[in-house]
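There are 2 protein chains.
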Amino acid sequence: VINAEKSEFNEDQATCCQISIRRRELGLEEDKEWLILCSTQFLTGYYWALFDGHGGPSAAVIASNYLHYCIKQKLEEVAGAITEARPPMHVSGRCVCDSDPQFVEEKHIRVEDMVVGALENAFQECDEVIGQEMEATGQTGGCTALAALYLQGKLYVANAGDSRAILVLKDTIVPMSCEFTPETERQRLQHLAFLFPKLLDGEFTRFEFPRRLKGDDVGQKVLYRDYFMEGWGYKLVEKADLKYPLVHGHGKQARLLGTLAVSRGLGDHQLKVIDTNIEVKPFLSCIPKVNIFDFALHDIKENDVLIMATDGLWDILCNKEVAHMARSFLAENKTDPHRFSELAKCLVRRARGKKMGHQWMLDDSREASYDDISVFVVPLHNRDEDC
Amino acid sequence: VINAEKSEFNEDQATCCQISIRRRELGLEEDKEWLILCSTQFLTGYYWALFDGHGGPSAAVIASNYLHYCIKQKLEEVAGAITEARPPMHVSGRCVCDSDPQFVEEKHIRVEDMVVGALENAFQECDEVIGQEMEATGQTGGCTALAALYLQGKLYVANAGDSRAILVLKDTIVPMSCEFTPETERQRLQHLAFLFPKLLDGEFTRFEFPRRLKGDDVGQKVLYRDYFMEGWGYKLVEKADLKYPLVHGHGKQARLLGTLAVSRGLGDHQLKVIDTNIEVKPFLSCIPKVNIFDFALHDIKENDVLIMATDGLWDILCNKEVAHMARSFLAENKTDPHRFSELAKCLVRRARGKKMGHQWMLDDSREASYDDISVFVVPLHNRDEDC
Numbered sequence: 001v002i003n004a005e006k007s008e009f010n011e012d013q014a015t016c017c018q019i020s021i022r023r024r025e026l027g028l029e030e031d032k033e034w035l036i037l038c039s040t041q042f043l044t045g046y047y048w049a050l051f052d053g054h055g056g057p058s059a060a061v062i063a064s065n066y067l068h069y070c071i072k073q074k075l076e077e078v079a080g081a082i083t084e085a086r087p088p089m090h091v092s093g094r095c096v097c098d099s100d101p102q103f104v105e106e107k108h109i110r111v112e113d114m115v116v117g118a119l120e121n122a123f124q125e126c127d128e129v130i131g132q133e134m135e136a137t138g139q140t141g142g143c144t145a146l147a148a149l150y151l152q153g154k155l156y157v158a159n160a161g162d163s164r165a166i167l168v169l170k171d172t173i174v175p176m177s178c179e180f181t182p183e184t185e186r187q188r189l190q191h192l193a194f195l196f197p198k199l200l201d202g203e204f205t206r207f208e209f210p211r212r213l214k215g216d217d218v219g220q221k222v223l224y225r226d227y228f229m230e231g232w233g234y235k236l237v238e239k240a241d242l243k244y245p246l247v248h249g250h251g252k253q254a255r256l257l258g259t260l261a262v263s264r265g266l267g268d269h270q271l272k273v274i275d276t277n278i279e280v281k282p283f284l285s286c287i288p289k290v291n292i293f294d295f296a297l298h299d300i301k302e303n304d305v306l307i308m309a310t311d312g313l314w315d316i317l318c319n320k321e322v323a324h325m326a327r328s329f330l331a332e333n334k335t336d337p338h339r340f341s342e343l344a345k346c347l348v349r350r351a352r353g354k355k356m357g358h359q360w361m362l363d364d365s366r367e368a369s370y371d372d373i374s375v376f377v378v379p380l381h382n383r384d385e386d387c
Numbered sequence: 001v002i003n004a005e006k007s008e009f010n011e012d013q014a015t016c017c018q019i020s021i022r023r024r025e026l027g028l029e030e031d032k033e034w035l036i037l038c039s040t041q042f043l044t045g046y047y048w049a050l051f052d053g054h055g056g057p058s059a060a061v062i063a064s065n066y067l068h069y070c071i072k073q074k075l076e077e078v079a080g081a082i083t084e085a086r087p088p089m090h091v092s093g094r095c096v097c098d099s100d101p102q103f104v105e106e107k108h109i110r111v112e113d114m115v116v117g118a119l120e121n122a123f124q125e126c127d128e129v130i131g132q133e134m135e136a137t138g139q140t141g142g143c144t145a146l147a148a149l150y151l152q153g154k155l156y157v158a159n160a161g162d163s164r165a166i167l168v169l170k171d172t173i174v175p176m177s178c179e180f181t182p183e184t185e186r187q188r189l190q191h192l193a194f195l196f197p198k199l200l201d202g203e204f205t206r207f208e209f210p211r212r213l214k215g216d217d218v219g220q221k222v223l224y225r226d227y228f229m230e231g232w233g234y235k236l237v238e239k240a241d242l243k244y245p246l247v248h249g250h251g252k253q254a255r256l257l258g259t260l261a262v263s264r265g266l267g268d269h270q271l272k273v274i275d276t277n278i279e280v281k282p283f284l285s286c287i288p289k290v291n292i293f294d295f296a297l298h299d300i301k302e303n304d305v306l307i308m309a310t311d312g313l314w315d316i317l318c319n320k321e322v323a324h325m326a327r328s329f330l331a332e333n334k335t336d337p338h339r340f341s342e343l344a345k346c347l348v349r350r351a352r353g354k355k356m357g358h359q360w361m362l363d364d365s366r367e368a369s370y371d372d373i374s375v376f377v378v379p380l381h382n383r384d385e386d387c
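Pasting the structure below:
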């Protein structure tokens, strides 16, 4: 993990650690022998996470210190279930109803669904803790969160924000996350504004138009979309449509309430639209989308890697370019024991560009991004020996 | 299209017609010559639709008579845009801002997005009309809606409910719709109940459990999911959790508020949960998901067909079985000019089974469904000559 050192206060944060999961004691009524067995039973997970802060590094710092603890806690709450072939209806394993195992099977509830649920709940709890902590200490800001967990032969990638994780395998690239931005979540955001118009306090319009409307557009029919539309229609422009749009701009310029470039993440509990009383938090979601990769279904090769990076990398390099660089770099440096971290550095350097006077320029003389850049490169081979 | 004639009052309805789209006049300030040109300019669409009614056939009957009219109207509102290479910012084609074409291009707005928007708006308008009509005449009930539109070399399939459309091509099956049921839309339904708990009036719980909870479960931790979870977790059971779940049951037995088996469709404006004041309509969506098939990208063969059917067919036969029957039937009856409607009859007969005493039985001696069954088989070859 390397930071490009472009900003004075680096807002990217990263964590990498083992997570030891202990089966919790189940209460006093259990017989003692079983209790002892339980308290010595461990599962080990491996965890990597990136946090891209905004409005200061505080939220990213708290999240980088706390999210893995929340995940550990939530996994321990379901530890009894994830060591079984099929999660039991009752966490205690007791059967109140004879056909409970059948109900669980009918719903297709698998061990990995418990891990996904634990990750979803952990993000939510971490967000609450950040809110309390920041309020108590008078800090502000928020961050995206991208977390990878290797557990029991599966890789779980949980994402809330615009960082990205991909697997670069010998012959394919497997995307392990998708980005949550005001553009990708337009319908969710517009729907919320439709359900609770007061959230916009008369200052914004929930409709999407291809550009900001002007006085001359009033009385004309222009292209628009509402919350329920994937397609486009024409709307007769009224004066209220001249307000600033809830979601505005395109690509990297897209903003929620003219304020934020992401629609999911942690923190931002105090964030208000500048010069207004409009809160941004009700529109933000802290819930990650979790993708699973099952190693048992794939033949993992020596140079196969997981690459996680904040948007600073992906703004400059696409998946294919990153995969190409990874494959050729790892093939050329087969014997270097540090080749994975060297590859991470190499990716950061490429996206950072070179300083020419006051500007950072890319090799192809495009202007480089001024964003922080962080990259993890995680080897996937020999997992159980090397991890 | 054939109905299995199992129910006394057939609740399935079907429509098939041409839709002539006329470019609307744009107001008095246009010069006369141009106006005349416009009023003679036509586009022709071809339309097939299935409606599966519940609580009586009324909503299905109104929808089958009215939805194509709404679609025609909405398409005419955008007729100026769908005959251009790229829809203009203003429906009049006038340019208030010089870079308007660039804004439209940046948003990737294409002609097909205008058709999708028109279909989405048409479903919504049709739903409003059904609501007014049924209130005025004291009728009740609702229906699913599956509509296919062939226009300008593309097939649009709009679906709200649990009917299904597939393309059976020579070598592949292309699903053209997905089903909207209380199970597939669980998270949307639970989220609404979370945002507006009053909608449940204290009678239902929004949480999902693998089975209905009992008094013995109180104080225990059992498997559950909330609106934000794709995974599962354990929840300490409180007394309130013993209430009937918002979404309950599995597969064909899944019900929304113990009442409805679908979560999207038209009508049901008056529907209340039996013996309560709880309205079902706030949970229902009338917005279709639209899928597009572009014929220019495929080499369509002589026996390639679109198959649309209500759930009565798909409960008994899967996509593969239907495709297999279609391919072998059409290959065996190459010269029969009625082979497509004969195939529809054949599919209905297979799903209907045979009457043995009081029971309808399938060939493999499973019990057949008692649901209405309707099927369209639409040939895709020689579209422009034969349509």
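Just so you know, the sequences run in chain order A and B.
Take 1 as the starting number for the first sequence in the UniProt record's numbering and just add one per residue.
Take 1 as the starting number for the second sequence in the UniProt record's numbering and just add one per residue.
Glycine is no exception: its CB is placed at the ideal position from the N, C-alpha and C atoms.
Could you compute how far the alpha carbon of A:ALA261 sits from the alpha carbon of A:GLY142?
12 angstroms
Going by DSSP, which residues form a beta bridge with A:ASP294?
A:LYS154
8 angstroms is my cut-off, CB to CB: does A:VAL348 come that close to chain B?
no
Quick one: which residues of the stretch 53–81 of chain A get their C-beta closer than 7 angstroms to a C-beta of chain B? List them in chain order.
Cβ contacts with chain B come from GLU77 and VAL78.
Does any residue of chain B bring its CB to less than 8 angstroms from the CB of A:ASP254?
Per the sequence presented here, residue 254 of chain A reads as Ala, with Asp not at that position. Taking Cβ atoms only, chain B never reaches closer than 8 angstroms to A:ALA254, which makes this a no.
Identity of the residues DSSP links to A:ARG198 by a beta bridge:
Correcting the residue type first, residue 198 of chain A is Lys in the shown sequence and not Arg. Answer is none; A:LYS198 lacks a bridge partner.
Tell me, which residues are paired with A:MET361 by DSSP?
Answer is A:LYS354 and A:GLU367.
Going by DSSP, what residues sit across from A:ASP372 in a beta bridge?
A:ASP372 is not bridged to any residue.
From this set, B:GLY231, B:PRO175 and B:GLU133, which residue's C-alpha is nearest residue 432 of chain B's C-alpha?
What is shown of chain B runs 1 to 387, which leaves residue 432 of chain B out entirely.
Strand pairing of A:TRP48, partner residues [DSSP]
A:CYS16 and A:ALA148
What does B:LEU195 touch in chain A if you count any residue whose Cβ is under 9 angstroms from its own?
LEU192, LEU195 and PHE196
Neighbouring residues, chain A, relative to B:TYR234 (Cβ below 7 angstroms):
At a C-beta separation below 7 angstroms, B:TYR234 has these neighbours in chain A: GLU77, VAL78 and VAL91.
Which residues, in chain order, does the stretch 213–241 of chain A contribute to contact with chain B at a C-beta distance below 8 angstroms?
LYS214, ASP216, ASP217, GLN220, LYS221, VAL222, LEU223, ARG225, PHE228, MET229, GLU230, GLY231, TRP232, GLY233 and TYR234
List the residues of chain A whose Cβ lies closer than 9 angstroms to the Cβ of B:ALA118, in chain order.
GLY231 and GLY233
What number of angstroms, rounded off, separates the C-alpha of A:VAL305 from the C-alpha of A:ALA136?
40 angstroms
So with Cβ pairs under 8 angstroms, would you call B:GLU11 a contact of chain A?
no
Determine the contact status of B:ASP372 and B:THR276, defining contact as a CB-CB distance below 8 angstroms.
Contact flag unset, no.
Taking buried to mean at least 16 other C-beta atoms within 10 Å of its own C-beta, is A:CYS308 buried or exposed?
What sits at residue 308 of chain A in the sequence shown is Met, not Cys. Flag for A:MET308 reads buried.
Nearest by alpha-carbon distance to B:GLN18: which of B:GLY45, B:ASP12 and B:ASN10 is it?
Of the candidates B:GLY45, B:ASP12 and B:ASN10, the one whose C-alpha sits nearest the C-alpha of B:GLN18 is B:GLY45.
Return the chain-ordered ranges of every beta strand (DSSP E) run that is complete within the stretch 276–323 of chain B and spans a minimum of 3 residues.
289–294 and 305–309
Which residues of chain B have a Cβ atom closer than 8 angstroms to the Cβ of A:PHE103, listed in chain order?
Here the neighbours are PRO210 and ARG211.
Looking at the structure shown, is B:ALA261 part of a helix, part of a strand, or coil, going by DSSP?
coil
Is the distance from the Cβ of A:LEU242 to the Cβ of A:LYS221 below 8 angstroms?
no
Does any residue of chain B have a CB that is nearer than 8 angstroms to the CB of A:VAL262?
no
Compare the Cα-Cα distances from A:ARG206 to each of A:TYR244, A:TYR234 and A:PRO175 and report the closest residue.
A:TYR244
Could you tell me if B:HIS338 is buried or exposed, where buried requires 16 or more neighbouring beta carbons within 10 angstroms of its beta carbon?
exposed
Rounded to whole angstroms, how far is the Cβ of A:ASN303 from the Cβ of A:ALA344, which I believe are closer than 8 angstroms?
Not a contact, Cβ separation roughly 14 angstroms.
Distance CB(A:ASP162)-CB(A:PHE180) smaller than 8 angstroms
Taking 8 angstroms as the Cβ cut-off, A:ASP162 and A:PHE180 qualify as a contacting pair.
Proximal residues of chain A, C-beta to C-beta of B:THR87 below 8 angstroms:
What sits at residue 87 of chain B in the sequence shown is Pro, not Thr. What B:PRO87 touches in chain A: LEU223 and TRP232.
To the nearest angstrom, how far is it from the Cα of B:SER263 to the Cα of B:VAL174?
Taking the straight line from one Cα to the other gives about 24 angstroms.
Which residues of chain A have a Cβ atom closer than 7 angstroms to the Cβ of residue 388 of chain B, listed in chain order?
Only positions 1 to 387 of chain B appear in the structure, and residue 388 of chain B is not among them; the question remains open.
Is it true that the CB of B:GLY56 sits closer than 8 angstroms to the CB of B:GLN13?
Taking 8 angstroms as the Cβ cut-off, B:GLN13 and B:GLY56 do not qualify as a contacting pair.
Touch test, the stretch 110–118 of chain B against the stretch 144–160 of chain B, Cβ-Cβ under 8 angstroms, three pairs minimum
The stretch 110–118 of chain B is in contact with the stretch 144–160 of chain B.
If you compare alpha carbons, which of B:ARG211, B:ASP98, B:ALA147 and B:GLY131 is closest to A:CYS97?
B:ARG211
Contact set between B:MET114 and chain A, taken where Cβ atoms lie within less than 8 angstroms
GLY231, TRP232 and GLY233
Assuming the contact rule is C-beta atoms closer than 8 angstroms, A:GLY231 and A:ILE130 should be a hit. Round their C-beta distance to whole Å, please.
So it is not a contact: roughly 38 angstroms between Cβ atoms.
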